[in-house]
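Chains as they are written, first to last, in the working numbering: chain A, 1 to 558; chain B, 559 to 1116.
There are 2 protein chains.
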Amino acid sequence: MEKRNIVIIGGVAAGMKAACRLRRLDAQANITVIDRTKDISYGACPLPYYIEGLYDDLNEVRKTPAGVVRDEGFFSKVKGFNTLTRCEATAIDRQQRTLTIRNLDSCEEQTIPYDCLVMATGNTPILPPISGIDLKGVLPLKTMDHAAQIDSLAQTAKNAVIVGGGLIGLEVAEALTHRGINVTLLEMKDQVMATALDFSSAALVHRELRNKGVNLRLAEPLQRIEGNGSVERVVTDQGSYDADLVLMAIGVRPVVDLARDAGIELGTTGAIAVNDQMQTSDPAIYAIGDCVESTDIISGKKVYIPLGSTANKHGRIAANNICGQIEHFPGILGSLAVKVFDLNVARTGLSAEDAQLHGYDSISHTSSSPDKTHLYPGCQSIVIKLVADRKSRKLLGAQVVGTGVVDKRIDIMVTALSLGATVDQLAQFDLCYAPPFAGAMDAILQAANALRNKMDGMADSMSACEAYQRIQQGEDILLLDVRSPAEYDEIRIPGATLLPLGALRTRLDEIPKDRVVVPFCKVSLRGFEAQLILQQAGFTNIRYMEGGVLSWPYEYEQ
Amino acid sequence: MEKRNIVIIGGVAAGMKAACRLRRLDAQANITVIDRTKDISYGACPLPYYIEGLYDDLNEVRKTPAGVVRDEGFFSKVKGFNTLTRCEATAIDRQQRTLTIRNLDSCEEQTIPYDCLVMATGNTPILPPISGIDLKGVLPLKTMDHAAQIDSLAQTAKNAVIVGGGLIGLEVAEALTHRGINVTLLEMKDQVMATALDFSSAALVHRELRNKGVNLRLAEPLQRIEGNGSVERVVTDQGSYDADLVLMAIGVRPVVDLARDAGIELGTTGAIAVNDQMQTSDPAIYAIGDCVESTDIISGKKVYIPLGSTANKHGRIAANNICGQIEHFPGILGSLAVKVFDLNVARTGLSAEDAQLHGYDSISHTSSSPDKTHLYPGCQSIVIKLVADRKSRKLLGAQVVGTGVVDKRIDIMVTALSLGATVDQLAQFDLCYAPPFAGAMDAILQAANALRNKMDGMADSMSACEAYQRIQQGEDILLLDVRSPAEYDEIRIPGATLLPLGALRTRLDEIPKDRVVVPFCKVSLRGFEAQLILQQAGFTNIRYMEGGVLSWPYEYEQ
Chain A
1 MEKRNIVIIG GVAAGMKAAC RLRRLDAQAN ITVIDRTKDI SYGACPLPYY
51 IEGLYDDLNE VRKTPAGVVR DEGFFSKVKG FNTLTRCEAT AIDRQQRTLT
101 IRNLDSCEEQ TIPYDCLVMA TGNTPILPPI SGIDLKGVLP LKTMDHAAQI
151 DSLAQTAKNA VIVGGGLIGL EVAEALTHRG INVTLLEMKD QVMATALDFS
201 SAALVHRELR NKGVNLRLAE PLQRIEGNGS VERVVTDQGS YDADLVLMAI
251 GVRPVVDLAR DAGIELGTTG AIAVNDQMQT SDPAIYAIGD CVESTDIISG
301 KKVYIPLGST ANKHGRIAAN NICGQIEHFP GILGSLAVKV FDLNVARTGL
351 SAEDAQLHGY DSISHTSSSP DKTHLYPGCQ SIVIKLVADR KSRKLLGAQV
401 VGTGVVDKRI DIMVTALSLG ATVDQLAQFD LCYAPPFAGA MDAILQAANA
451 LRNKMDGMAD SMSACEAYQR IQQGEDILLL DVRSPAEYDE IRIPGATLLP
501 LGALRTRLDE IPKDRVVVPF CKVSLRGFEA QLILQQAGFT NIRYMEGGVL
551 SWPYEYEQ
Chain B
559 MEKRNIVIIG GVAAGMKAAC RLRRLDAQAN ITVIDRTKDI SYGACPLPYY
609 IEGLYDDLNE VRKTPAGVVR DEGFFSKVKG FNTLTRCEAT AIDRQQRTLT
659 IRNLDSCEEQ TIPYDCLVMA TGNTPILPPI SGIDLKGVLP LKTMDHAAQI
709 DSLAQTAKNA VIVGGGLIGL EVAEALTHRG INVTLLEMKD QVMATALDFS
759 SAALVHRELR NKGVNLRLAE PLQRIEGNGS VERVVTDQGS YDADLVLMAI
809 GVRPVVDLAR DAGIELGTTG AIAVNDQMQT SDPAIYAIGD CVESTDIISG
859 KKVYIPLGST ANKHGRIAAN NICGQIEHFP GILGSLAVKV FDLNVARTGL
909 SAEDAQLHGY DSISHTSSSP DKTHLYPGCQ SIVIKLVADR KSRKLLGAQV
959 VGTGVVDKRI DIMVTALSLG ATVDQLAQFD LCYAPPFAGA MDAILQAANA
1009 LRNKMDGMAD SMSACEAYQR IQQGEDILLL DVRSPAEYDE IRIPGATLLP
1059 LGALRTRLDE IPKDRVVVPF CKVSLRGFEA QLILQQAGFT NIRYMEGGVL
1109 SWPYEYEQ
């Protein structure tokens, strides 16, 4: 039997994962990876931390944990397959099963045969066709070369403008701020991470950015970039911002030209359409990683959310299927995590806004908790927002934001969502407990129980954002702080009235009957109890503030 | 309608949780909690950290996160129910539905009626009837008073002996070592945490204890304690150990006398038997917390594993059921976490040894991984052991040990086990990824894929312990280190031969055909690849070492 020819276009995450797995499964096949660049098999996600200065050698992003650079020689000697760098795929002949490739240095072209083709062509940053986009000092962050350029510009830059409040924009905002550069972050939507977080979660990120000195400009689209050869300033409809460096981070799009030209089907998102075995409309051609679209596990809809975590899974699955080990990719949950200065942010599944858009009869609740036993050193707080379907009581999604451990709680939720758990099941999980790691009732269990109380009609509540906005709009709402005087003295929500919970039962006459009353405490367990006490005493119109002082995303009085 | 009388015996975790929830659900009921001590509603788990000196005020363990001491006044004013402290329940009259209680100060007795009784009588430390057990300086750690005594003894103690290598023994060993005391830890089994961990995981804890200066004595049962009024030494069959302080931490047993005397059914474990609504054999009597037995979710067997996390859930569930909100407790997984010096240890579900005992056709695999992206500052390694059922491919349990983040991975496994996930499902979970939190393929996904390779017959491996023991028994095994010379120079497994993976394909003639060859690397991905290369080259008897250098629990050469 002849050896199969397997050709992989793209040698970063998905492509290299596929190639390595293929070699393990098939010792005989001719496996060839081609890539336009020399910088193969690099991790893009650690690049912002290079700019921040957390490691010195940019080549670290291409090294194995054991410290070996993953270059052509590594893949040849250690992994056992061939890599052609500085080599571009220009055309696919699907009838003949051949690929035309061009060497970008010699410009020589050749046609190579394939039995199986794997497209891992990745994504490319979106650069809007505005005036000044080509100025020196205006660039995206996708490659090692971009990182090197930004690092170099940052050595002398005084002012930087970051366009786009997504993951890369946030990470680089932090990195450049740590380097002493004045950072303006422009976001055209009214919140950062608009496709990932509800406004209520994003608002906590906004405060953190502002507290750390970032000039955050929301709902302010970029108009043009000005300069003379090099960038000098960025102009919006609201102002002009000096800039020695502009990071364009408004998003990426899949690289699909080669696929489209070959007549391979694209999906509704514009990315390559694949079945759950990572096969394109041509059964001899697979596509993986950032060039393909995914199925959202919860909604069943097609989405384009390119992430390294997904790319690595794709690589393994495609290789398995190519070798006859049939494996299905279940889809994604849009899980992600990001550190923004001292705040950790993570999310999975549907946001409350997503759930409404998708027509769910959904319900959400926000809780605040310590991330471990409160007296253990280093304990920090986290704010958890859970979203569930009212009828089935199934979980739909979660967002966790705080200075404490958020990724653990989101990964619990990822697992629960992947397996279709209800909020009632979540509340009973036998999560591990010890003071250095969690409270006796972990924060996520408390969040689940608080949501159950609300679903069961026992708790009546509103979010901090809702309370704030209704007061801003002139509604006569009493914010009732039921904490202790000592807590109140330390930090408080502007305009709130103090009435400690322990005194509430004896001072009911001080509570107005004709106003909406919103009791709250530090986390709002006492806020909830105040709601029950007041309702049991005959008050109507009582709704506690979810998450209490810790989830309030606006300014405090101190 | 008359107000119900609900009486709760025991005012620590489960009892107080039940009382608080009952009050929220039923504003009218007469709710009374009785407790033998004044120290109600305290957290026992943080007590070792008081001894270590991580916080100064012992009363912290009775405070809310907002800093309020949870005393009788707090429960009366804030939570709205009555607590009788220094009060003992002496008899239950189930016909009359009355409880006899005695005030421990005045010795007055009274009989109080109940409509519903909740037993939360807790556990008591096991003190074996050996000579010297009553000496001054010999005590368990269960109450705040014990913690205060140990703290006081530790101020002058030079030598301490801890009897029992369970959670409390390990935590106090660390606490006393940090205070400069010489600690001997006696364990009658050949490993610590014998009911929780496989030997291979415990062996990593053994090395950590020894490296941190603990005199760990395994398989060495206590014989007697000697002293003159106060303890002076502890004697075993192998030696005598000076001691100014002896912590008895061999386990606890449920407090069931009152229940047994009243004819309430006990379970096979000796703890009170309850149904999944926390009801005893008398439908008017509930039992919760450390006095009841649980069902193991995986095996379906009854177990006695008293933990604060379970107690809190019990309290809420009993209260719900008492108030007609029917809720079922699914059981437990024996999840736990513990910090032992710089090592984090957590586990859930069945160990490999448990799985064999319960008759599963089980398979396990041990993997080592960085806990986050390897170049991110603070990255540490973890060793993950997964256990699964061969036929159904369902996960059965997990153990994670390392200096990195272990609790996140175990809580993912808790969620997966609770919902009956297979190892194939686990491998596809869309866990969140960013360099500060995880690798692109999280450690637990890598562990799942490694186990799948083994289940599918592609990987042939043995654990580090198996390799070590077989060599110790004289078997002619070649430990083949396929790392780089630089890695080998830094640290190595004694007796291993170096042959870097990149050179393996060209140096096959150096590999003996007549010996068992055990290739390994730092984590054993390269070890696995070496196995494949050698097998593809016609070698038989190749089994890579699971988890590589990082999971080797014995001494290294440096």
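Ideal placement from N, C-alpha and C gives every residue a C-beta, glycine not left out. Model, not experiment: these values are computed from the prediction.
Let me check understanding here. Comparing Cα to Cα, which of the options lies closest to residue i?
i: residue 823/B; options: 651/B, 870/B and 839/B; result: 839/B
i: residue 1071/B; options: 1100/B, 1064/B, 911/B and 1060/B; result: 1100/B
i: residue 43/A; options: 993/B, 763/B and 1018/B; result: 993/B
i: residue 926/B; options: 942/B, 913/B, 935/B and 932/B; result: 942/B
i: residue 1007/B; options: 946/B, 882/B, 763/B and 821/B; result: 946/B
i: residue 527/A; options: 558/A, 402/A, 460/A and 129/A; result: 460/A
i: residue 168/A; options: 227/A, 49/A, 298/A and 502/A; result: 49/A
i: residue 781/B; options: 817/B, 802/B, 770/B and 744/B; result: 744/B
i: residue 866/B; options: 221/A, 430/A and 205/A; result: 430/A
i: residue 199/A; options: 279/A, 400/A, 263/A and 108/A; result: 400/A
Do the CB positions of residue i and residue j come within less than 9 Å of each other?
i: residue 162/A; j: residue 247/A; result: yes
i: residue 522/A; j: residue 483/A; result: yes
i: residue 1118/B; j: residue 644/B; result: This structure leaves residue 1118/B out entirely; chain B is present only between 559 and 1116.
i: residue 676/B; j: residue 830/B; result: no
i: residue 579/B; j: residue 874/B; result: yes
i: residue 359/A; j: residue 379/A; result: no
i: residue 558/A; j: residue 490/A; result: yes
i: residue 529/A; j: residue 636/B; result: yes
i: residue 718/B; j: residue 753/B; result: no
i: residue 931/B; j: residue 1022/B; result: no
i: residue 547/B; j: residue 800/B; result: Any question about residue 547/B goes unanswered here, given that chain B covers just 559 to 1116.
Strictly under 9 Å for the Cβ-Cβ distance: is residue i near chain A by that measure?
i: residue 945/B; result: no
i: residue 740/B; result: no
i: residue 932/B; result: yes
i: residue 888/B; result: yes
i: residue 942/B; result: no
i: residue 623/B; result: yes
i: residue 727/B; result: no
i: residue 613/B; result: yes
i: residue 556/B; result: No statement about residue 556/B is possible, as the shown extent of chain B runs from 559 to 1116 and does not include it.
i: residue 1084/B; result: yes
I believe residue i touches residue j by the beta-carbon criterion, under 8 Å. Please report the beta-carbon distance rounded to the nearest angstrom.
i: residue 57/A; j: residue 990/B; result: Rounded, the Cβ-Cβ distance is 27 Å, inconsistent with contact.
i: residue 444/A; j: residue 390/A; result: Not really, about 20 Å apart at Cβ, beyond 8 Å.
i: residue 869/B; j: residue 1054/B; result: Their Cβ separation, rounded to whole angstroms, is 48 Å, which puts residue 869/B and residue 1054/B out of contact at 8 Å.
i: residue 193/A; j: residue 202/A; result: 6 Å
i: residue 669/B; j: residue 656/B; result: 5 Å
Could you check if residue i belongs to the surroundings of the ligand ZN, using beta carbon to heavy atom distance under 8 Å?
i: residue 791/B; result: In the structure on display, the ligand ZN does not appear, and there are no ligands present to speak of.
Does any residue of chain B have a CB that is nearer than 9 Å to the CB of residue i?
i: residue 465/A; result: no
i: residue 204/A; result: no
i: residue 348/A; result: yes
i: residue 166/A; result: no
i: residue 484/A; result: yes
i: residue 529/A; result: yes
i: residue 445/A; result: yes
- [ ] Check each residue of the region 964-975 of chain B: if its Cβ is closer than 7 Å to any Cβ of chain A, include it; give the result in chain order.
- [x] Going along the region 964-975 of chain B in chain order, one finds 965, 966, 968, 969, 970, 972, 973 and 974 with a Cβ nearer than 7 Å to chain A.
Open item on the list: Taking beta-carbon pairs under 8 Å, can you tell me which members of the region 843-855 of chain B lie near chain A?
Closed with: 855
Open item on the list: Against chain B, which members of the region 303-326 of chain A pass a CB distance test of less than 9 Å?
Closed with: Listed by position along the chain: 307, 308, 309, 310, 311, 312, 313, 316, 317 and 325.
TODO: Determine which residues of the region 417-430 of chain A have a Cβ less than 9 Å from any Cβ of chain B, and write them out in chain order.
DONE: 417, 418, 419, 420, 421, 424, 425, 426, 427, 428, 429 and 430
Task: Where the region 1037-1067 of chain B meets chain A: residues whose CB sits under 8 Å from a CB there - done: 1041, 1042, 1044, 1045, 1059, 1060, 1061 and 1063
TODO: Below 8 Å between beta carbons is the criterion; list the residues of the region 25-50 of chain A that meet it against any residue of chain B, in chain order.
DONE: 25, 27, 43, 45, 46 and 49
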